[in-house]
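In terms of my numbering, the sequence shown is residues 1083 to 1692.
By construction, the Cβ of each residue, glycine as well, lies at the ideal position given by its N, Cα and C atoms.
Being a predicted model, the structure only gives us computed values, none of them experimental.
Worksheet: one structure, shown below.
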Amino acid sequence: MTEKNKPLLRILNAINKRNPIHYQIPNVGKFIFNKIVPYIFIYRIPASGKKDKMIADLAKTENASIVCKADSFPLEEWIMPIAEHLAQEFGACLLIEVWVAEKPQKHDVMLHIGQKDILPLAQYLERNIRMEALELSVTIEKDLHIPKPDQMPALFGKKYLQNKQILLMGISINDRYHDHEENILPLLMRTFRETLAKSLSRLFFEFLRVYTHLNATAQKLNFQQELTPLMNEIDQALAQESKKFDFLLMVTPLNAHEAWLQFKKDKYWKVPKFLYRPMHVDPDLVKRRLYNLRIEDIYDPTMAYIFRDKRSELDSMITMLADRGKEDFLHGSLQVFGNVSEKLYNSAMAILMMTEPENMSNKSEEWIGPAEFAKMAREEVRFLQQQNAEFNCPIRIREDISGVMVNRGALNISKEYKLTLNRAKALIQHEVGTHVVTYFNGRMQPLNLFSLGVPGYEELQEGLAVLSEYIVGGLNNNRLRIIAARVIAVQHMLLGNSFTECFTLLVDQFGFRPESAFQIVMRVYRGGGLTKDALYLKGIMELIQYLHEGHNVHLLMMGKIRKDYLPIIKDLLQREILIPPAITPRYLFPEYLEKWKEVKTKASIFKLTH
């Protein structure tokens, strides 16, 4: 073995032992195997010496990659024994070579194949690229020879590959993420990099599953499993900024009970004046810190997406708080919490029309106050602690809130709060069984984001919380009517109706008692107009459909997540970045299995009424 071939021998030995290896040739290139896997991402820098940043960054997202200068390193002499060795170890080897198209090409991404066996993989990759980014065009080009960049030697001959179980796909890129003066267009470059990274990740998993003798799910070979220091740094920073203000507390009136008494005294015609907690953060400083975070330096597309999504939400929320009491607050609410669709509004109207107006509970039914409710909550916490002794939930009776609310794992109860015992049992599952449990399960994850809440988590969270009330037998028609009335109130608020007009509508047209109507309207009009309350009905309707389709409800307990994050959750679980839920709430215990089957069978919010 000559001195020249010793590094190659080291790489082959590492493959035998399945040991990660990094080998760098100064000023020429580097071989990176974070894991020994049967696929390699290859980028040969053209003889001009001009490295494409997008492709070089894309290489950093892969577990196995080779980046080298085409004119300074004979890659074809090295890749042959390495690919053969991987094919012998795993049953097959896949090579993906990526380059910038030298000649103008019609499509953004062109997949080049010269072997029939690789066509299904190329079609799979093409579908994934289309799914990830509709704005990128992609096509498959069948070449007569093994694909290679222009002006570079082929890595293999076609005859050689026929019996070696080695597959090679070329990907040529139309680099329109550069302008005519060769300046980078960063957003377009990010779209290319993240689309290709996600799509290649799925491609490699499919290759493992179909072409090798490995169990792809068990091997978890195609993923990076570690959070990098930069990811941890950004996660901590986002959590720190998020904890500097509690959005719901900041938009909840301090004087809700006093405002109700005054509104009642004024014969329901004078708009009440709500008082709020003082703003103790400077929005400009928060935004400066948020946008100083180097999210663009994260090469993992899933993690970069999660962090950018959270940063955008925090930006919108802090803007809303700065606009509290102004018209722009409502515009921000629409951006964060969304609008009321025609379908949702019609569903809310149907619930109100098909159910009787609320009635006072039977006088013989037991009513409890805040102290008794707090006692029940503590009993539920002790019950859940049997699964994990670290589970905890501070419980506070407060003067400065209305009703009941959970913030950062703590249960806050208004000192004026009263409810029936049956309602209390259901509300315990709503607040502790759902909001507190998902906070704790999120806190057990390595990312703070899953306890604080991914952007838009409220819809799924509130839907699950309301459904938990039904599972334990506490979702009556009165409660459903309140949830439906919140949608109606949000819609009328958006149409420009005043607080008193909306209040009168709920009382006169839908038969709500004045105090109940006040609570509904106050929640919707607080801060200048908060559309969040429409999410309760929307959330439970979408969750019922989710269950009817046969999906797993236990996955929803991972933390404070939203439905379209579920593929991301599964991805991170596969990569062992996330762990399964630490706590299972009471309503997911076997004794309620029949109730869950009932929900799946009924498959409609209207069939939950009685």
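Close-in-space but distant-in-sequence residues of the same chain around residue i (CB under 6 Å, 5 per side omitted)
i: Ile1137; result: Tyr1125 and Val1180
i: Ser1496; result: Ile1483, Ser1484 and Gly1485
i: Lys1146; result: For clarity, residue 1146 is Ala in the given sequence; the question names Lys instead. Cβ neighbours of Ala1146 beyond the five flanking positions: Phe1115, Val1119 and Ile1122.
i: Lys1230; result: Ala1236
i: Ile1565; result: Tyr1618 and Leu1619
i: Ala1664; result: Asn1470, Asn1523 and Met1526
i: Phe1532; result: Gly1524 and Gly1641
i: Cys1175; result: Pro1120, Ala1165, Leu1168, Ala1169 and Ile1248
i: Leu1320; result: Lys1392
Beta-carbon contacts of residue i that lie in its chain and below 7 Å, excluding the five residues immediately before and after
i: Asp1653; result: Thr1384
i: Trp1160; result: Leu1090
i: Val1518; result: Cys1475, Val1488, Gly1491 and Leu1493
i: Leu1587; result: His1574
i: Lys1369; result: Asp1397 and Ile1400
i: Tyr1628; result: Lys1645
i: Tyr1607; result: Met1575 and Phe1581
Beta-bridge partners of residue i, as assigned by DSSP
i: Thr1502; result: Trp1449
i: Tyr1125; result: Val1149
i: Val1220; result: Val1191
i: His1227; result: Answer is none; His1227 lacks a bridge partner.
i: Val1182; result: Ile1255
i: Phe1584; result: Just to set this straight, residue 1584 is Cys in the shown sequence, not Phe. BP columns for Cys1584 are empty, so no partner.
i: Ile1248; result: Cys1175
Neighbourhood of residue i by C-beta distance below 8 Å, restricted to the same chain and skipping five residues each side
i: Leu1312; result: Arg1376, Asp1379 and Ile1380
i: Tyr1206; result: Arg1284, Leu1285 and Glu1288
i: Glu1551; result: Ala1508, Leu1509, Gln1511, His1512, Leu1557 and Arg1561
N-terminal and C-terminal residue of the alpha helix (DSSP H) that residue i is part of
i: Ala1493; result: Per the sequence shown, the amino acid found at residue 1493 is Leu instead of Ala. Leu1493 -> not in any alpha helix (DSSP H); beta strand (DSSP E) instead, spanning Ala1492 to Ser1496.
i: His1167; result: Leu1157 to Phe1172
i: Gln1322; result: Pro1311 to Lys1325
i: Lys1369; result: Pro1365 to Tyr1373
i: Glu1438; result: Segment: none, Glu1438 is in no alpha helix (DSSP H) and carries neither H nor E.
i: Tyr1628; result: Leu1617 to His1630
i: Leu1081; result: The structure shown does not extend to residue 1081, since the chain spans only 1083 to 1692, so no value can be given for it.
i: Asp1328; result: It is not in any alpha helix (DSSP H) - Asp1328 carries neither H nor E in the DSSP assignment.
i: Leu1546; result: Glu1540 to Ile1553
i: Glu1597; result: Pro1596 to Tyr1607
i: Pro1667; result: Premise fails: Pro1667 is in no alpha helix (DSSP H) and is neither H nor E.
i: Val1572; result: Asn1559 to Leu1576
Under the three-state DSSP convention, the category residue i falls into
i: Thr1334; result: coil
i: Arg1525; result: helix
i: Gly1407; result: coil
i: Val1519; result: helix
i: Phe1115; result: strand
i: Trp1342; result: helix
i: Val1463; result: helix
i: His1260; result: strand
i: Leu1090; result: helix
i: Ile1266; result: strand
i: Ile1510; result: helix
i: Pro1672; result: helix
i: Ser1154; result: coil
i: Met1213; result: helix
i: Lys1132; result: coil
i: Met1234; result: coil
i: Thr1691; result: coil
i: Tyr1293; result: helix
i: Phe1274; result: helix
i: Val1110; result: coil
Where the beta strand (DSSP E) containing residue i begins and where it ends
i: Tyr1358; result: Here Tyr1358 belongs to no beta strand (DSSP E), and DSSP marks it neither H nor E.
i: Tyr1105; result: Ile1103 to Ile1107
i: Arg1487; result: Before going further, note that residue 1487 is Met rather than Arg in the sequence given. Run containing Met1487: Val1486 to Asn1489, per the beta strand (DSSP E) assignment.
i: Arg1478; result: Ile1477 to Arg1480
If we count Cβ pairs, one from each stretch, closer than 8 Å, do we get three or more for the segment 1479-1488 versus the segment 1507-1521?
Yes: the two stretches touch, three or more of their Cβ pairs being nearer than 8 Å.
So does the segment 1460-1476 actually touch the segment 1421-1430, counting three or more Cβ pairs closer than 8 Å?
The segment 1460-1476 vs the segment 1421-1430: no contact.
For the pair the segment 1641-1653 and the segment 1566-1576, tell me if three or more CB-CB distances fall below 8 Å.
no
Given 8 Å as the limit, is there contact between the segment 1176-1194 and the segment 1309-1323, that is, 3 or more CB pairs closer than that?
no
Contact the segment 1664-1682 vs the segment 1619-1637: 3+ CB pairs below 8 Å:
yes
With three or more C-beta pairs closer than 8 Å as the rule, is the segment 1448-1456 touching the segment 1563-1571?
The way I'd put it, the segment 1563-1571 doesn't touch the segment 1448-1456; fewer than three beta-carbon pairs between them come closer than 8 Å.
Would you check if the segment 1530-1547 and the segment 1592-1606 touch, i.e. whether three or more CB-CB distances between them fall below 8 Å?
no
Could you say if the segment 1621-1631 and the segment 1598-1608 meet the contact criterion of at least three C-beta pairs nearer than 8 Å?
no
How about the segment 1218-1229 and the segment 1088-1108: do they share at least three Cβ pairs that are nearer than 8 Å?
no
Determine, using beta-carbon pairs with one atom in the segment 1317-1336 and one in the segment 1350-1366, whether at least three such pairs fall under 8 Å.
yes
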